[in-house]
Every structure is written in structure tokens, then in C-alpha cells.
Amino acid sequence: MKQLTKSIMFAAALTVSAGAAMPVMADNAQTLDQLLQQVKKDRISEKKVNKKREAEFLSDRSKMQSRLNKSESDLAASVQRGEDLKAAFSANEQTIVDKETELENAKGTLGEMFGVVRQASGEAVGRISTSVVSAQYPNRTQLLEKLSEAKKLPSLVELEDLWFALQTEMTESGKVVRFKTDVTKLDGNVVSEEIIRIGSFGLIGEEGFLRYDAENEQVQPLGRQPDSHMVSSTKSFLDVQSGLAPLYIDPSRGQILGLLTQKATLTERYHEGGVVGYIITAVLFIGLLIALERIIVLTLMGGKIRAQLKNLSNPSDKNPLGRILKVGQENKDADVETLELKLDEAVLRELPKIERGVSLIKIFAAIAPLLGLLGTVTGMIGTFQSITLFGTGDPKIMAGSISMALVTTAQGLIAALPLILAHSLAAGRAKTILSTLDERSAGIVAAHAEQEKA
Amino acid sequence: MLYLMDLWETVRDFVATGGDVLFVVAGALLLMWILMIERYWYLSWVFPTERKAIIAKWDARTDTTSWTAHRIRDYWIAEANDNLSARMIIIRTLVAMCPLIGLLGTVTGMIAVFEIMAVQGTGNPRLMASGISMATIPTMAGMVAALSGVFFSSRLEAKVKMAKASLVDSLPHH
Numbered sequence: 001m002k003q004l005t006k007s008i009m010f011a012a013a014l015t016v017s018a019g020a021a022m023p024v025m026a027d028n029a030q031t032l033d034q035l036l037q038q039v040k041k042d043r044i045s046e047k048k049v050n051k052k053r054e055a056e057f058l059s060d061r062s063k064m065q066s067r068l069n070k071s072e073s074d075l076a077a078s079v080q081r082g083e084d085l086k087a088a089f090s091a092n093e094q095t096i097v098d099k100e101t102e103l104e105n106a107k108g109t110l111g112e113m114f115g116v117v118r119q120a121s122g123e124a125v126g127r128i129s130t131s132v133v134s135a136q137y138p139n140r141t142q143l144l145e146k147l148s149e150a151k152k153l154p155s156l157v158e159l160e161d162l163w164f165a166l167q168t169e170m171t172e173s174g175k176v177v178r179f180k181t182d183v184t185k186l187d188g189n190v191v192s193e194e195i196i197r198i199g200s201f202g203l204i205g206e207e208g209f210l211r212y213d214a215e216n217e218q219v220q221p222l223g224r225q226p227d228s229h230m231v232s233s234t235k236s237f238l239d240v241q242s243g244l245a246p247l248y249i250d251p252s253r254g255q256i257l258g259l260l261t262q263k264a265t266l267t268e269r270y271h272e273g274g275v276v277g278y279i280i281t282a283v284l285f286i287g288l289l290i291a292l293e294r295i296i297v298l299t300l301m302g303g304k305i306r307a308q309l310k311n312l313s314n315p316s317d318k319n320p321l322g323r324i325l326k327v328g329q330e331n332k333d334a335d336v337e338t339l340e341l342k343l344d345e346a347v348l349r350e351l352p353k354i355e356r357g358v359s360l361i362k363i364f365a366a367i368a369p370l371l372g373l374l375g376t377v378t379g380m381i382g383t384f385q386s387i388t389l390f391g392t393g394d395p396k397i398m399a400g401s402i403s404m405a406l407v408t409t410a411q412g413l414i415a416a417l418p419l420i421l422a423h424s425l426a427a428g429r430a431k432t433i434l435s436t437l438d439e440r441s442a443g444i445v446a447a448h449a450e451q452e453k454a
Numbered sequence: 001m002l003y004l005m006d007l008w009e010t011v012r013d014f015v016a017t018g019g020d021v022l023f024v025v026a027g028a029l030l031l032m033w034i035l036m037i038e039r040y041w042y043l044s045w046v047f048p049t050e051r052k053a054i055i056a057k058w059d060a061r062t063d064t065t066s067w068t069a070h071r072i073r074d075y076w077i078a079e080a081n082d083n084l085s086a087r088m089i090i091i092r093t094l095v096a097m098c099p100l101i102g103l104l105g106t107v108t109g110m111i112a113v114f115e116i117m118a119v120q121g122t123g124n125p126r127l128m129a130s131g132i133s134m135a136t137i138p139t140m141a142g143m144v145a146a147l148s149g150v151f152f153s154s155r156l157e158a159k160v161k162m163a164k165a166s167l168v169d170s171l172p173h174h
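These protein sequence lines map, in sequence, to chains A and B.
The first sequence lines up with residues 1 to 454 when you count with full-length UniProt numbering.
The second sequence lines up with residues 1 to 174 when you count with full-length UniProt numbering.
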């Protein structure tokens, strides 16, 4: 048991020494005593080393202390510098405020003037760039644009230029001037042409009214001229060399003329009616032709009948009354009832020639508004189709077919009105002739017979 | 004079807001009234003397019962009737045409409204209002014209009928 304990302890000691200082001692220490000796010896040398390390550390510590001291003094210096700068900054700020007030005081009312200049030149840019005076004096807007956007005070020269620009516009707007310039025609050709500027209201040239396109700085004829009596006034105005002459001008400086170009002409309006519109026109023309033929024929017939009435003894074959009178003459010896029957028969024979066509005009007059109604309905169908496709959001899409609907209605009415009037004229003529033949012919025959008897 | 100028201005304003169709209405109205006044004049001044002449001629006849006498009487009545009812068809037509012309104005005014809508959209009711006044004023004018004609033309027709009946009664035959 003892043996075992000994050996275990030995082994443990071995292991411990093997783990710690075995490599050094393992070589020298052969026995435990030796080991002891060596440890003692080593302790002395260790002490020396420790001493040395301690000395080194102490010297290091003092070095560090001096570095710390230096850093602390640096920090203090920086803090001081920051304080100084802050003070300088606030002092400068104060100076800026002082200087600004000084500047404001020095500027005085000049600041207000700057605002006025900017405002005036801003307004003038809008007016002068679109003014027709610019057609005669181009490139006037650059300076004004610069002035209206400038951030600094304008110079004296610039101020004078603004003054000149405003006064030029003012003076020129009071003049009627003739000058030569390039006119861009509607087909794109540029032609040099003499035109007249009427104040700042408008330009007129060979084609009538011209417009000034401010964006492209071009003079162009209007895409669509206003009514011909207005355009002809410009033509006569161009020929006038001195004195006064009447002329139509656009007081809105071109805006009304511009709107006029969007207005549909009568022919465009007419074609909006579409197929129904053309049918209505055909109905109107056929109806009017029939009515014209009827009115002429009936008027001539009425004249002949009146001539025959004055000359009862010589009935002619060329008019209805004459033919009836002839029947009366041929049967004047027959008895009263036969004579009356013969006369009635003769009148009946004349009726178709007089009444022909009159009722046709009436039918045409009745058809025309119905066709217009048809056009209305088809137009409304178009409107609702476009509503189905595009919704009601854009009135412009619907407006097209609505105008078709309305145009055909108007065309129907326009066709119906003259046809109704023509029918009543023709019917009046026919009625007079019919009553002459129907109700009076027997009386005429009777009166003639009485005269012959007497 | 100033009053007349004022009146003329009012008329011009009315025509300007109503559009050109008002001229057609005015033309129809003028023609209608000229014809009606002519008829009234004929009925009250010309026809009585003609009537007297016919009655005198009839009374002067010895023979009022034979076939020829009856035919001659019918002839005279028909002639007088033709004179009485001359141009009545035109008057009646013009009366009937007036509302139609007004309707034409309505339609052209609506065309103007939709044209403005097509160009400017529905944003500006003021612009559309001009077209609407062009639509409604001729309608009203046409109605007023027709109404003024309806009353007097039907009175005229009744007068013509009565004049003819009284002429027939004044020519006794057996």
C-alpha cells in the first residue's frame, strides 16, 4: 500500500515537474537534491530579472505620465481655440447683419425700383413677343427676358433699353405702317411681300388678314379668312395710298381671328349631314323643280284662261276653258241636262292636267323633315355608340355625331320650308283655275247663250 | 328720336342674341301681316261695293228661275268666293311655317352649342349660353309669330265664310 502511494506521488511529482520546468531541469537535475539546488539558484537569478523588469516598468510609467500631461495640455489648447473661433464667428455674423443694414440703407428706394423693373420687363415680354409690332422689329425680347429673370440690379444702359422698348411699342401701336417682310404662305413657301400693320391690332396683306406667329417669329396668312366682306375691306385698304379708309380690325389683337379659324364653314357643316343630308338635298331639288314647273305651267294656263274669258265668242283649243266652251257651243241646242253632263265631262277631262304634281310637292315637303328626323336618330345612335366605347368623359367625341344629328334636322327643316311655300303657291294657282273651270264654266256658257239670244 | 334709337338698339340686341334665323321669322311675319291686312282691307272696303253690284245685277234680272239664271248665279258666287279667299292658302301656310322656322332656329342654336362643346369642352357655360340663347329666342319668336297669325287668320277665314254665306242669301232664286 505504501509502495503504491509512493509511486503515485512520484508519478504526480514527475508529471507536475514535467509540465512546469521539466525541460530546463530535466537536463541538469538528475536527482531531487540537485533539483532543489537548482531551484534555489534559479530563484536568485529570477529575482535579478524581476528587478530589471520592475525598473523597466517604472521608467515606462514616467514616460507615459509625461505623454498624458502633453495630451491634456493639447486638449486645453484646442478647447480654447474653439472658444476663440466661436466668438469670432458670432462677431462676423454681427458684422454681416450690420453690413446688410448698411447695404439696405445705402440702396434706399433702389430695391423697389429693381422689383418694378423686373415686373415691368416681365409684363413687356409677354406683350411685345406676341405683338404684331415684332413682325416689323424682330429680336426685341432677349433683353427684356434677361431683365425679367435677372438677380442683380439692372445697369443704367439696361434700364434705358427697357424704356426704349416700352416706348417703341407704345409709339408703334399708334401707327398704320406699310413695310416689306417675309410672309410664310400656307403651302410653306416664304415670299417677301409688302404688308400693312394697323397699330398693334393686326396685319393685312394680299391674302387678307395675316397673323404673327410669336414662337417661330413668322408672318402667316390666317388658315381660314373671315367673311368675304371683311376680307374685301382689306383689299381696298391695301390700294389706299393716303387719307381715310374703312377696315375691319380685330380689337382682341388676333384672338378672335384665331377663334374664327376653328369655326366650321357652311359647306363643312353641310357635309356633316352625311348620306341623309345628301338625300334631303336631292328631295329639295326634285321638289323645287316640280314646283317650278307646276307654277310656270299653271301661271301660263291662268293667263290663257283670262285671255279666253275676254274673248268668249272664239273658243280656242289651246286652253282648258276654250275646250270646255267649245263643248258648250257644240251642244248649245241640246237640252239642259245633256249640256250640263257634257260640260262636267269636259271639266273632268281637264282636271288631271291641272292637279298633276301638286300633291307630289306636298309629299316631298312632308318627306324632308322626316328624313331629317331619320338623320337625327342615326346621329344619336352614333353618339350612344361612342358613349359605349369611350364613356361620357370627353364631350368632344360625342359632339361629332350630335352635330350630325342636328345638322340633318336643320337640313330637313330648311328643305321643308321652301317646299311648303312652293306647294301653297302651286296649290293656290291650281285652285283658282279649277274653280274657274268647275264652278264657273257652266255659268260662262249660260251667260254666253243668254247674250246670243238677246 | 332718342327713344327710337333706344328701341332700335333693343331690336339689334335681340337679333344679335337670337341669330340670323330671326330675320327669316321676321320676313315670314311681315309677309303674313301684309297679306292679312290686305285681306281685311278687301273685306271691309272693296268687297261691300262688289257685293252691292252683284246684288243689283241679280235684282235687275227678269229671269231668275231658269237653268241659265242658276248657272249665272253660281258663276257670280264662285267669282266672288275666289276673290274673297284669294291668298288665304298662303296666309295659312305662313302661319304653319312660323313654328317650323322657330324650330330651325332651335336646331341651328344647338349646333352652335355643340360646336362650342367640341372646341372648348363643357368647362365654360358662358360660351354655351350664347348658343342656347340662339336656340331659344327664335323658337319663342316663331311661336309668337304663329300665335299672332293663328288668331287673326282664323277670324279672317270665318269672315270670308260669313261674307260668302250672306252673299248667297242675298241672291234669292226660285
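Built from N, CA and C at the ideal position, the CB exists for glycine as well.
Only a predicted model underlies this, so the values are computations on that prediction, with no experimental measurement involved.
Between the beta-carbon of A410 of chain A and that of I111 of chain B there is about 7 Å, and that keeps the pair under the 8 Å contact cut.
Within the region 179 to 223 of chain A, the beta strand (DSSP E) runs of at least 3 residues that lie entirely inside it are, in chain order, 190 to 198, 202 to 205, 208 to 213 and 218 to 221.
Burial state of L22 of chain B is buried, judged by a 10 Å Cβ sphere holding 16 or more other Cβ atoms. Around the C-beta of M404 of chain A, 16 or more other C-beta atoms lie within 10 Å, and the residue is accordingly described as buried. At least one CB of chain B lies nearer than 7 Å to the CB of P395 of chain A. At a cut-off of 7 Å between C-beta atoms, T383 of chain A does not count as an interface residue with respect to chain B.
Shown here, V283 of chain A sits in a helix according to DSSP, grouped into three states. Around the Cβ of H173 of chain B, a 10 Å sphere holds fewer than 16 other Cβ atoms; the residue is exposed. Separation of M97 of chain B and A16 of chain B (C-alpha to C-alpha, rounded to the nearest whole angstrom) is 22 Å.
At least one CB of chain A lies nearer than 7 Å to the CB of M97 of chain B. By the criterion of at least three beta-carbon pairs nearer than 8 Å, the region 412 to 432 of chain A is in contact with the region 368 to 375 of chain A.
A contact is defined here as three or more CB-CB pairs under 8 Å, and the region 228 to 242 of chain A fails this definition with respect to the region 270 to 277 of chain A.
Within the region 42 to 56 of chain B, no residue has its Cβ closer than 8 Å to any Cβ of chain A. Nearest CB-CB separation between V144 of chain B and chain A: not below the 7 Å threshold. In the three-state scheme derived from DSSP, where H, G and I count as helix and E and B as strand, V168 of chain B is classed as helix. When the five nearest sequence neighbours on each side are left out, no beta carbon in the same chain lies closer than 7 Å to the beta carbon of E38 of chain B. Counting only Cβ-Cβ distances below 8 Å, F14 of chain B has no contacts in chain A at all, with the closest Cβ about 21 Å away. In the assembly as shown, N319 of chain A is a buried residue. Its beta-carbon has 16 or more other beta-carbons within 10 Å.
When DSSP reads this structure, V297 of chain A sits in no beta bridge, so it has no partner. For R12 of chain B, the number of other beta carbons within 10 angstroms of its own is below 16, and it is reported as exposed. Judged by DSSP in its simplified three-state form, V336 of chain A adopts helix. Under the three-state reduction of DSSP output, V177 of chain A falls in the strand class.
DSSP places T122 of chain B outside any alpha helix (DSSP H), giving it a letter other than H or E. If you look at T95 of chain A, you'll find it in the alpha helix (DSSP H) that goes L32 to K107. In this structure, DSSP gives P246 of chain A a state outside helix and strand, which the three-state scheme calls coil.
In chain A, no part has a C-beta under 9 Å from the C-beta of V25 of chain B; the shortest such distance is about 11 Å. By the neighbour-count definition (other C-beta atoms within 10 Å, threshold 16), I195 of chain A is a buried residue. Collapsing the DSSP output to three states places H173 of chain B in coil. Taking 7 Å as the threshold, the shortest C-beta distance from E439 of chain A to chain B falls below it.
Identification of chain A residues near E115 of chain B by a Cβ-Cβ cut-off of 7 Å yields A264 and S403, ordered along the chain. Following the DSSP letters along the chain, one finds L437 of chain A in no alpha helix (DSSP H), marked with neither H nor E. A straight-line Cα-Cα distance of about 28 Å links V113 of chain B and L94 of chain B. Distance between N69 of chain A and S45 of chain A, taken at the CA atoms: about 37 Å. Under the three-state reduction of DSSP output, K57 of chain B falls in the helix class. The C-beta of Y75 of chain B has 16 or more other C-beta atoms within 10 Å across all chains shown, which makes the residue buried. N319 of chain A sits in coil when the DSSP states are folded into three classes, being neither helix nor strand.
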